[in-house]
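If you're matching positions, the sequence shown starts at 2 in the working numbering and goes up one per residue.
A quick write-up on the structure given underneath.
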Amino acid sequence: MEYISTRDNSVRVKAATAIAQGISAEGGLFVPVELPKYTLEDLVNMKDLSYANRAVKVLSGFLDDFTQQELESCVNAAYNKKAFAPDEVTPINKIDETAYSLELWHGPTCAFKDMALQLLPHLLTTSMKKVLDGKEVVILVATSGDTGKAALEGFKDVDGTRIIVFYPDGGVSPVQFKQMATQEGRNVAVFGVEGNFDDTQTGVKKIFTNAEIIEELAEKNLVFSSANSINWGRLVPQIVYYVSSYCDMMKNGEIEQGEKINVCVPTGNFGNILAAYYAKQMGVPIDKLICASNINNVLTDFINTGEYDRRRDFKLTSSPSMDILISSNLERLLFELYGDDSVVSELMAQLVNDGVYKVSDEVLNKLQSNFYGGYLDEDETAEVIRDTFKNNDYLCDTHTAVAVGVYRKYLKETNDKTKTIIASTANPYKFAGSMLEALEPGVKQADAFAEVNRLHEITGLEIPEQIAELDKKEERFKEVCKIDEMKQVVQRQLGIV
Ligand SMILES: *Cc1c(COP(=O)(O)O)cnc(C)c1O
């Protein structure tokens with residue numbers, strides 16, 4: 002299996018290089034030249050495997066430069082009982098006649114990012130041994146809240162790695178801030194940035210490609226890599242749970258063998274839903290991919306019109322992990338739909354220079370035959386949280402609520418009764434304040450911990466240990482920097498100034 006860059010298809014690498022490097026030198030993203038394919042029989046045969054064994058099977062199709070033993074050891078380190086609380090790694094909860102919640106947040110940081118970021122450090126260190134002969138990697142992360150903590154937790158004290166996380170100051174929830182500020186480990190650092198997520202992500206990308214820093218790193222035998230979802234090593238673990246959930250739906254008798262399902266995903270950087278698209282291309286019987294956004298609804302407009310226009314105000318919402326106007330992974334979908342690196346390069350240049358691009362009618366047709374796009378405003382999101390708790394006895398966090406609400410709009414509009422898996426992306430306690438605003442509007446609690454406790458009183462949902470313990474932990478990282486100081490911060494942190 003080889004990988005090519007979305008912006009230059011003459012760049013051809015194996016998986017280990019794609020993962021160790023994170024991004025291609027000219028700025029493109031690595032994509033597999035072809036996808037492994039599954040027949041229905043393959044899926045039926047996977048039905049009785051554990052999550053870890055399904056993961057090994059899926060990964061082996063993509064990472065054929067890894068030995069079976071390497072894959073098994075990576076996967077077992079990631080999805081063991083200690084890291085993932087329940088017996089099942091990704092339990093499915095039936096919400097109503099047609100909607101199922103695929104809970105992806107039972108890992109150590111209570112967000113779906115753990116699904117990939119518990120595995121990525123192992124894939125990365127294995128890749129480094131193959132292709133980086135002895136260099137250490139520096140992981141730079143831009144986070145809207147969940148990625149940062151999940152990456153810190155995945156990489157903490159992993160030999161041969163250092164990690165520096167930037168988050169938008171004031172743009173993450175109090176629990177998310179506390180999770181990152183109290184991070185343990187000897188190779189970690191966390192900084193706030195005076196700006197929004199897009200500023201933070203752009204800042205990190207600039208450092209990544211800064212020739213001066215890259216040279217300074219090289220002198221110290223260091224090299225940058227990425228834990229953001231631009232890294233292929235983040236995406237492939239996400240394909241696993243779509244394959245796995247289809248197996249579970251068959252196994253639990255919720256669907257017939259081969260019956261089509263829809264998948265609905267609360268979307269930000271387009272990584273999670275892209276993984277579902279790949280699963281569909283690989284032969285998992287998925288029909289519609291429902292792309293759910295909050296009022297930062299650039300993707301809804303894109304799917305409906307073919308025009309991607311980021312020239313709009315960035316809005317802070319109760320679903321901060323979806324407050325994104327530049328969805329990096331859309332680039333991979335454009336490449337799949339166009340099959341042409343020069344068109345993708347051109348569109349990405351237009352996005353940088355003009356803030357807008359438009360796809361051809363042919364590509365728009367392909368896009369719309371696979372995807373439905375919708376969004377929810379803040380009031381609608383709160384209403385879904387209340388309504389789903391009251392009528393379906395199911396508590397969904399703010400992000401998942403956006404997906405549930407968009408799914409209901411889709412159902413109303415199309416009357417498509419196909420069973421639908423809704424990706425549930427965070428434990429509600431991560432966003433306790435916003436949950437309470439939905440459930441008890443106007444009632445204020447003293448602080449984040451009072452909010453967590455109150456949410457427990459109202460709902461009875463068990464408070465995860467990792468969150469219950471937070472207020473006892475020391476805050477190690479509270480420094481905030483300006484956008485144009487990010488580079489110096491990195492240099493200082495790595496001791497290269
Ligand atoms: C990251 C995140 C999302 C968005 O996922 P993408 O892969 O970036 O589209 C949605 N919900 C939560 C809770 C997240 O942490």
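Using N, Cα and C, we set each Cβ at its ideal position, and we do this for glycine too.
Here the structure is a predicted model, which is why all the values come from computation and not from measurement.
On the DSSP bridge assignment, give the partners of Ser226 in chain order.
As a working mapping, residue 226 is identified with position 225 in the sequence shown. Answer is Ile140.
When burial is assigned at 16 or more other CB atoms within 10 Å of the CB, is Ile459 buried or exposed?
Walking along the sequence shown from the start, residue 459 turns up at place 458. Exposed, because fewer than 16 other Cβ atoms sit within 10 Å of the Cβ of Ile459.
Quick check on DSSP: helix, strand or coil for Tyr279?
Sequence index remark: in the sequence shown, residue 279 carries index 278 (1-based). Looking at Tyr279 - three-state DSSP - the assignment turns out to be helix.
Taking Cβ positions, are Glu137 and Thr99 nearer each other than 8 Å?
Here residue 137 is taken as the residue at index 136 of the sequence shown, counted from 1. Here residue 99 is taken as the residue at index 98 of the sequence shown, counted from 1. No; because the gap between Cβ atoms is not below 8 Å, this pair is not in contact.
What do you reckon, is the C-beta of Thr99 under 7 Å from a heavy atom of ligand 1?
Taking the sequence shown and counting its residues from 1, the one referred to as residue 99 is at position 98. Every heavy atom of ligand 1 is 7 Å or more from the Cβ of Thr99, so no.
Measuring straight from C-alpha to C-alpha, what distance separates Ile164 and Gln180?
Along the sequence shown, read from residue 1 onward, the residue named residue 164 stands at position 163. Along the sequence shown, read from residue 1 onward, the residue named residue 180 stands at position 179. If I take the Cα positions, the gap works out to 15 Å.
Helix, strand or coil: how does DSSP classify Phe192 here?
In the sequence shown, the residue the question calls residue 192 occupies position 191. In the structure shown, Phe192 sits in a strand (DSSP, three-state: E or B).
Using a Cβ-based criterion (distance less than 7 Å to any ligand heavy atom), does Ile274 qualify as near ligand 1?
Taking the sequence shown and counting its residues from 1, the one referred to as residue 274 is at position 273. Within the cutoff, so yes.
Check for me: the alpha helix (DSSP H) holding Phe390 runs from which residue to which?
Position 389 of the sequence shown, counting from 1, holds the residue named residue 390. Run containing Phe390: 379-393, per the alpha helix (DSSP H) assignment.
If I'm right that Ser102 touches Ile464 with Cβ under 8 Å, what's the distance once you round it to whole angstroms?
Locating residue 102 in the sequence shown gives position 101, where the first residue counts as 1. Locating residue 464 in the sequence shown gives position 463, where the first residue counts as 1. In fact, because the Cβ distance is near 19 Å, the residues do not count as touching under 8 Å.
Along the chain, where does the beta strand (DSSP E) containing Cys75 start, and where does it finish?
Taking the sequence shown and counting its residues from 1, the one referred to as residue 75 is at position 74. It is not in any beta strand (DSSP E) - Cys75 instead sits in the alpha helix (DSSP H) that spans 69-79.
Confirm the yes/no value for this check: CB of Lys114, any heavy atom of ligand 1, distance under 7 Å.
Working through the sequence shown from its first residue, we reach residue 114 at position 113. Yes - ligand 1 has a heavy atom lying nearer than 7 Å to the Cβ of Lys114.
What three-state label does DSSP hand Glu476 in the structure shown?
The count along the sequence shown starts at 1 and reaches residue 476 at position 475. Here Glu476 sits in coil by DSSP.
Bridge partners of Asp9, per DSSP?
Looking up residue 9 in the sequence shown gives position 8. In the DSSP output, where bridge partners are listed per residue, Asp9 has Ser6.
Whose C-beta lies closer than 6 Å to the C-beta of His457 among residues of the same chain, with five residues either side of it excluded?
If you number the sequence shown from 1, residue 457 lands on position 456. Closer than 6 Å at the Cβ level, and outside the excluded window around His457, lie Ile464.
Given this structure, state the Cα-to-Cα distance separating Val205 from Asp249, to the nearest angstrom.
Position 204 of the sequence shown holds residue 205. Position 248 of the sequence shown holds residue 249. So the alpha carbons of these two residues sit roughly 38 Å apart.
If Val142 and Phe167 are in contact, beta carbons under 8 Å, what's the gap, nearest whole angstrom?
Counting from one through the sequence shown, the residue named residue 142 turns up at place 141. Counting from one through the sequence shown, the residue named residue 167 turns up at place 166. The pair is a contact, with the Cβ atoms about 7 Å apart (cut-off 8 Å).
Terminal residues of the continuous beta strand (DSSP E) containing Cys292?
Locating residue 292 in the sequence shown gives position 291, where the first residue counts as 1. Here the beta strand (DSSP E) through Cys292 covers 287-294.
For Ile240, which option in Lys157, Gln202, Ala280, Lys261 has the closest C-alpha, if you only look at C-alpha atoms?
By 1-based counting over the sequence shown, the position of residue 240 is 239. Closest option to Ile240, Cα to Cα, is Ala280.
From Ala84 to Glu470, what distance separates their C-alpha atoms?
Here residue 84 refers to the residue found at position 83 when the sequence shown is read from its first residue. Here residue 470 refers to the residue found at position 469 when the sequence shown is read from its first residue. Roughly 16 Å separates the two Cα atoms.
So, for His400: in the same chain, excluding its five sequence neighbours on each side, which residues have a beta-carbon less than 7 Å away from its beta-carbon?
Residue mapping note: residue 400 aligns to position 399 of the sequence shown, counting from 1. Cβ within range, chain order: Pro267, Ser320, Ser322, Met323, Thr426, Ala427.
Going by DSSP, name the residue or residues bridged to Ser102.
Looking up residue 102 in the sequence shown gives position 101. Asn94, Ile423, per the DSSP bridge assignment.
Beta carbon of Ile304, beta carbon of Gly254: below 8 Å?
The count along the sequence shown starts at 1 and reaches residue 304 at position 303. The count along the sequence shown starts at 1 and reaches residue 254 at position 253. Not in contact: Ile304 and Gly254 (Cβ atoms no closer than 8 Å).
Gly560 and Arg311 look like a contact to me (Cβ under 8 Å); what is the Cβ gap, rounded to whole Å?
Only positions 2 to 498 of the chain appear in the structure, and residue 560 is not among them; the question remains open.
Could you say which of Pro122, Gly149, Gly62, Ser227 lies nearest to Met283 if we only look at CA atoms?
Here residue 283 refers to the residue found at position 282 when the sequence shown is read from its first residue. Per the Cα distances, Gly62.
For Lys289, count neighbouring C-beta atoms within 10 Å of its own C-beta (all shown protein chains included) and say buried if the count is 16 or more, exposed if not.
By one-based count along the sequence shown, residue 289 stands at place 288. It is buried - the Cβ of Lys289 has at least 16 other Cβ atoms within 10 Å.
With a threshold of 8 Å, are at least 3 pairs of Cβ atoms found where one atom belongs to the segment 109-118 and the other to the segment 126-135?
As far as the Cβ criterion goes, the segment 109-118 does not touch the segment 126-135, which means the pair count is below three.
With a threshold of 16 other CB atoms inside 10 Å of the CB of Asp342, please say whether the residue is buried or exposed.
As a working mapping, residue 342 is identified with position 341 in the sequence shown. Asp342 is buried by the Cβ-count criterion.
Give a single yes or no on whether Thr110 has its beta carbon closer than 7 Å to a heavy atom of ligand 1.
What you label residue 110 is simply residue 109 of the sequence shown in a count that begins at 1. No, ligand 1 has no heavy atom inside 7 Å of this Cβ.
For Ile497, does the three-state DSSP call read helix, strand or coil?
The residue you call residue 497 lines up with position 496 of the sequence shown. Coil.
DSSP on Asp362, reduced to helix/strand/coil?
Here residue 362 refers to the residue found at position 361 of the sequence shown. It is helical.
Taking Phe336 as part of the alpha helix (DSSP H), name the residues at either end of that continuous run.
Here residue 336 refers to the residue found at position 335 of the sequence shown. Unbroken alpha helix (DSSP H) run through Phe336: 331-339.
For Tyr410, I'd like the list of residues in its chain whose CB is within less than 6 Å of its CB, leaving aside the five on either flank, ordered along the chain.
For the purposes of this step, residue 410 is taken as the residue at position 409 of the sequence shown. According to the sequence provided, residue 410 is Lys. The question's Tyr does not apply to it. Cβ within range, chain order: Gly375.
Report the CB separation of Tyr242 from Val264 in whole angstroms; it is logged as a contact under 8 Å.
As a first step, residue 242 is located in the sequence shown; it is residue number 241 there, counting from the start. As a first step, residue 264 is located in the sequence shown; it is residue number 263 there, counting from the start. At roughly 11 Å, the Cβ-Cβ gap does not stay under 8 Å, so Tyr242 and Val264 are not in contact.
Should Ala509 go down as buried or exposed, given a rule of 16 or more other Cβ atoms within 10 Å for buried?
There is no way to answer for residue 509, as the model of the chain reaches only from 2 to 498.
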